[in-house]
Amino acid sequence: MRFGARDVRDLSWKQLMDAYTCTECGRCTSVCPANITGKLLSPRKIMMDTRDRLDEVGKNIDKYGKEHDDDKALLNDYISPEELWACTTCNACTEACPVNIDPLSIIIDMRRYLVMEQSQAPAELNGMFTKIENNQAPWQFSPADRLNWKNED
Ligand code: SF4
Ligand code: SF4
Numbered sequence: 001m002r003f004g005a006r007d008v009r010d011l012s013w014k015q016l017m018d019a020y021t022c023t024e025c026g027r028c029t030s031v032c033p034a035n036i037t038g039k040l041l042s043p044r045k046i047m048m049d050t051r052d053r054l055d056e057v058g059k060n061i062d063k064y065g066k067e068h069d070d071d072k073a074l075l076n077d078y079i080s081p082e083e084l085w086a087c088t089t090c091n092a093c094t095e096a097c098p099v100n101i102d103p104l105s106i107i108i109d110m111r112r113y114l115v116m117e118q119s120q121a122p123a124e125l126n127g128m129f130t131k132i133e134n135n136q137a138p139w140q141f142s143p144a145d146r147l148n149w150k151n152e153d
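What follows is the structure, encoded as structure tokens:
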């Protein structure tokens, strides 16, 4: 059992079918705010990378059998953490896609793997996670102090 997705075997059949269905039209990338502002992320590339990796895994299975491990993965060999963390989760890519593909769900699953299995999140997020664990809120104040504002003049 693995939290999130490191490779195509961790993705759902819908996510894999999405990768095979992508027409590469680029509408998703043309509305992506991360891409528009010059970040590394392209949701179109996320789908094409997923399909390329899926093709590769399929050829390996044909050649060497189901248990073969080629020591590669969708994460890092195809899609970098920098791309994944550039996503604002705005969902514009999914709304723009003419064939109902959801690139965001793959991004979220791969981020989930980075955070829950590798403890690899940007420093700003790690700070927030710790505060949520300790204070049940993303701020640095104790839950006991939450209503202090009502005593201020
Ligand atoms: S959800 Fe992420 S990948 Fe999709 S358009 Fe928004 S920023 Fe881009
Ligand atoms: S909008 Fe949909 S079909 Fe077009 S490139 Fe993006 S994911 Fe593929």
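For what it's worth, our numbering labels the leading residue of the sequence shown as 1, then goes sequentially. Positions of the beta carbon are idealized from the N, C-alpha and C atoms, including for glycine.
Would you mind working out which of 143, 44, 20 and 16 sits nearest residue 92, comparing C-alpha positions? Reading the sequence shown from its first residue, position 92 is the one you call residue 92. Answer by Cα proximity: 44.
Report the CB separation of residue 74 from residue 51 in whole angstroms; it is logged as a contact under 8 Å. Stepping through the sequence shown from its first residue, residue 74 is reached at position 74. Stepping through the sequence shown from its first residue, residue 51 is reached at position 51. Contact doesn't hold; Cβ gap of about 10 Å is too wide.
Top-ranked residue by Cα proximity to residue 80, from 113, 145 and 16: Residue numbering aside, residue 80 sits at position 80 when the sequence shown is read from its first letter. Per the Cα distances, 113.
May I ask whether a heavy atom of ligand 1 can be found less than 7 Å away from the beta carbon of residue 37? In the sequence shown, residue 37 corresponds to position 37, counting from 1. Not under cutoff, so the answer is no.
Below 8 Å, how does it come out for the stretch 99 to 115 and the stretch 18 to 28: are there three or more Cβ pairs, yes or no? Output reads yes: the stretch 18 to 28 touches the stretch 99 to 115.
Label residue 64 either buried or exposed according to how many other C-beta atoms from any shown protein chain fall within 10 Å of its C-beta, with 16 as the threshold for buried. The residue given as residue 64 occupies position 64 in the sequence shown. With fewer than 16 Cβ atoms within 10 Å of its Cβ, residue 64 is classed as exposed.
On the DSSP bridge list, what partners appear for residue 79? Residue mapping note: residue 79 aligns to position 79 of the sequence shown, counting from 1. Answer by DSSP bridge pairing, in chain order: 75.
Beta-carbon proximity of residue 24 to residue 48, cut-off 8 Å: For the purposes of this step, residue 24 is identified with residue 24 of the sequence shown, where counting begins at 1. For the purposes of this step, residue 48 is identified with residue 48 of the sequence shown, where counting begins at 1. Yes, these two residues count as a Cβ contact at 8 Å.
For residue 93, report the span of its alpha helix (DSSP H) as first-last. Your numbering for residue 93 matches position 93 in the sequence shown. That run of the alpha helix (DSSP H) goes 92 to 96.
Kindly indicate the opening and closing residues of the alpha helix (DSSP H) around residue 142. What you label residue 142 is simply residue 142 of the sequence shown in a count that begins at 1. Neither: residue 142 is in no alpha helix (DSSP H) and is coded neither H nor E.
The alpha helix (DSSP H) enclosing residue 54, as first and last residue numbers: To locate residue 54, count along the sequence shown from 1; it is residue 54. Annotation for residue 54: the continuous alpha helix (DSSP H) segment containing it runs 43 to 64.
Residue 125 - containing alpha helix (DSSP H), residue span: The sequence position of residue 125 within the sequence shown is 125, counting from 1. It spans 123 to 135 - the alpha helix (DSSP H) in which residue 125 sits, taken as one unbroken run.
Alpha carbon of residue 137 to alpha carbon of residue 124, nearest angstrom: As a working mapping, residue 137 is identified with position 137 in the sequence shown. As a working mapping, residue 124 is identified with position 124 in the sequence shown. Rounded to whole angstroms, residue 137 to residue 124 spans 15 Å at the Cα level.
Excluding five sequence neighbours on each side, which residues of the same chain lie with their C-beta closer than 6 Å to the C-beta of residue 78? Position 78 of the sequence shown, counting from 1, holds the residue named residue 78. In the same chain as residue 78, and ignoring 5 residues on each side of it, the C-beta atoms closer than 6 Å to its own belong to 49 and 53, in chain order.
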